[in-house]
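What follows is a set of notes on a single structure, which appears directly below.
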Amino acid sequence: MIAEILSVGTELLMGQISNTDAQYITKRLNDVGVNVYYHTVVGDNPQRLKQSVSLALSRSDVLITTGGLGPTKDDLTKETIAQALGLKLVLDECSHDKIRVFFERVGKKMMDNNLKQAYVPEGCTIIPNNNGTAPGCLIEKDGKTVIMLPGPPKEMIPMFEESLLPYFTKKTGQIIESKMLKVFGIGESEMETKILDIVEAQSNPTIAPYVNQGEIVIRVTARCKDRNSANQMINPVIDKIRDRLGIMLYALNG
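Each residue of the sequence shown is one higher than the last, beginning at 1324 in my numbering.
Laid out in structure tokens, this is it:
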């Protein structure tokens, strides 16, 4: 399975921000046996974006885009991809409700242009976003898979970990077992510093720290032939993390 990552945003081309999304997604896809052959960056220009999408679909099985799902006029990823695939955009009522609830939760007024984010390509699978207003989309069409994710890492990473990692695991036929540790009383940067050597020493299982709905989560994931063997690989790693973080760990799921 060949994948391509298409990062959308003029700020990337201008060097104003680093393309950490592509780096992260590539690593996680490799972890589950998906080969990434191409990284492409394109600005907020619908013609060049459409050309990039067409090229990607001509040479890759999977196209993952990040960015361009916001509420403003220059956020055109969904519109451009829908046009390239011959699909129309339709209002997803569930996404609309979640966007409204999100604004209520943070105490801000929902603007009219935020409704744009609830429009998705017809027939797509919605990828929930619990940390922002832009839902992701997954489209399977003509033997190709197109996935659209928001650009901010705090939104993209939990969406990938919780929705797409299981999706690709099923596609590649590998058994993936994950356990999640929750952390409190420490910031994300300090936590990462405390366990960085453990994270960098692992290739299987992998360790993925991220923030979801304000909580720090450490996800430990193993690829193996069966669940029991995977757990035998995961448990010693969890013990190392527990020894390092101690009482700052308050939950273990999985």
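The beta carbon of each residue, even a glycine, is placed where N, CA and C say it ideally should be.
Considering only 1333, 1329, 1384, the residue with the shortest C-alpha distance to residue 1376 is 1329. Ranked by Cα distance from residue 1546, the options 1518, 1348, 1497, 1520 are led by 1497. Secondary structure note for residue 1502: its beta strand (DSSP E) is the uninterrupted segment 1498–1506. Here residue 1574 is exposed, its C-beta having fewer than 16 other C-beta atoms within 10 Å.
If you keep only unbroken beta strand (DSSP E) runs of at least 3 residues inside the stretch 1460–1485, you get 1467–1472.
For residue 1487, no beta strand (DSSP E) segment is defined, and its DSSP state is neither H nor E.
With distances taken between CA atoms, residue 1464 lies nearest to 1384 out of 1431, 1390, 1384. Take the alpha-carbon of residue 1430 and the one of residue 1424: they are about 10 Å apart.
In this model, residue 1446 and residue 1462 are separated by some 7 Å (Cα to Cα). In the three-state DSSP reduction, residue 1375 falls in the helix class (H, G or I). The stretch 1368–1424 is shown to contain whole alpha helix (DSSP H) runs of 4 or more residues at 1369–1382, 1400–1408, in chain order.
Bridge partners of residue 1559 according to DSSP: none are assigned.
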